[in-house]
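Each residue of the sequence shown is one higher than the last, beginning at 33 in my numbering. The beta-carbon is built from N, C-alpha and C at its ideal position, and this holds for glycine as well. All values derive from a computational prediction rather than experimental measurement.
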Amino acid sequence: MQQLQHAARALGWDGQLIQDVEVLGARFAAVARIRRDVHEWRSLHGWGPELNPAWFRSWSEPCTHDQVPVAAVDLLGLLVPVSRARHALRACGTLLTLAPCAVVLPQGSKYKPLRMLELDYYGVGVVNAGFEGPAELVVTPEDRTAEFGSSMFGRWLLEVLYSRLLELPQLTENA
Numbered sequence: 033m034q035q036l037q038h039a040a041r042a043l044g045w046d047g048q049l050i051q052d053v054e055v056l057g058a059r060f061a062a063v064a065r066i067r068r069d070v071h072e073w074r075s076l077h078g079w080g081p082e083l084n085p086a087w088f089r090s091w092s093e094p095c096t097h098d099q100v101p102v103a104a105v106d107l108l109g110l111l112v113p114v115s116r117a118r119h120a121l122r123a124c125g126t127l128l129t130l131a132p133c134a135v136v137l138p139q140g141s142k143y144k145p146l147r148m149l150e151l152d153y154y155g156v157g158v159v160n161a162g163f164e165g166p167a168e169l170v171v172t173p174e175d176r177t178a179e180f181g182s183s184m185f186g187r188w189l190l191e192v193l194y195s196r197l198l199e200l201p202q203l204t205e206n207a
């Protein structure tokens with residue numbers, strides 16, 4: 033966990049680290065921040081996290097479209113630990129549609145400049161991070177979400193992250 037915290041800090045992502053998120057066969061960590069005003073409204077109106085992905089089909093049904101809650105979290109970015117830079121593009125490929133994505137390489141990893149150029153071209157970030165000390169930001173990730181637009185899957189992921197954030201004791205005490 034410290035390795036991912038160091039990586040998030042190097043990227044300037046100021047939010048809560050949510051580890052071990054697994055969706056559609058991808059495993060990653062997310063950095064998210066709760067939207068206090070929306071959380072308070074949803075709590076007041078009894079609208080907790082909606083974890084049933086089938087429920088989001090209501091977006092496409094005009095009669096229930098007005099019943100979709102506002103997202104209670106902001107997704108700042110996704111971190112994917114990989115052992116080598118050559119796995120980076122595959123690891124972040126589909127995740128780039130949801131938020132900025134960065135791979136986390138073990139500290140001191142060797143990589144080829146051409147590989148870094150390729151990752152930069154696709155918007156994949158690269159961070160060298162160990163368990164001790166600060167991480168090294170090698171390539172800054174880009175936010176390409178506007179190119180892909182919103183999706184029901186992305187919105188459902190925000191609900192999953194909202195649920196995970198509510199499990200953290202320091203958030204529920206102050207919310």
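Coil, strand or helix - residue i by DSSP
i           : result
residue 57  : coil
residue 81  : coil
residue 207 : Confidence at residue 207 is low in this model, with a pLDDT of 46, below 50, so its placement is unreliable and no value can be given for it.
residue 48  : strand
residue 102 : coil
residue 200 : coil
residue 187 : helix
Span of the alpha helix (DSSP H) around residue i
i           : result
residue 11  : Look at the range of the chain in this structure, 33 to 207, and you will see that residue 11 is not part of it.
residue 43  : 34 to 43
residue 128 : Here residue 128 belongs to no alpha helix (DSSP H), and DSSP marks it neither H nor E.
residue 180 : 177 to 180
Close Cβ partners of residue i (< 6 Å) along its chain, the five nearest in sequence each way excluded
i           : result
residue 143 : 117
residue 141 : 160
residue 186 : 130
Residue i: first and last residue of the uninterrupted beta strand (DSSP E) it sits in
i           : result
residue 156 : Note, residue 156: premise wrong, no beta strand (DSSP E); not H, not E.
residue 121 : It is not in any beta strand (DSSP E) - residue 121 instead sits in the alpha helix (DSSP H) that spans 120 to 124.
residue 109 : 105 to 113
residue 168 : 168 to 171
Integer Cβ distance of residue i from residue j, believed to fall under 8 Å
i           : j           : result
residue 197 : residue 48  : 6 Å
residue 111 : residue 60  : 6 Å
residue 174 : residue 132 : 6 Å
residue 159 : residue 151 : So it is not a contact: roughly 11 Å between Cβ atoms.
residue 34  : residue 163 : 5 Å
Cβ neighbours of residue i in the same chain (closer than 8 Å, five flanking residues each side left out)
i           : result
residue 74  : 80, 101, 102 and 104
residue 114 : 120, 123, 135, 136 and 137
Cut-off 7 Å between Cβ atoms - residues of its own chain near residue i, not counting five sequence neighbours on either side
i           : result
residue 200 : 48
residue 193 : 50, 62, 64, 105 and 107
9 Å Cβ cutoff met for residue i and residue j
i           : j           : result
residue 42  : residue 145 : no
residue 85  : residue 148 : no
residue 40  : residue 63  : yes
residue 107 : residue 83  : no
residue 161 : residue 77  : no
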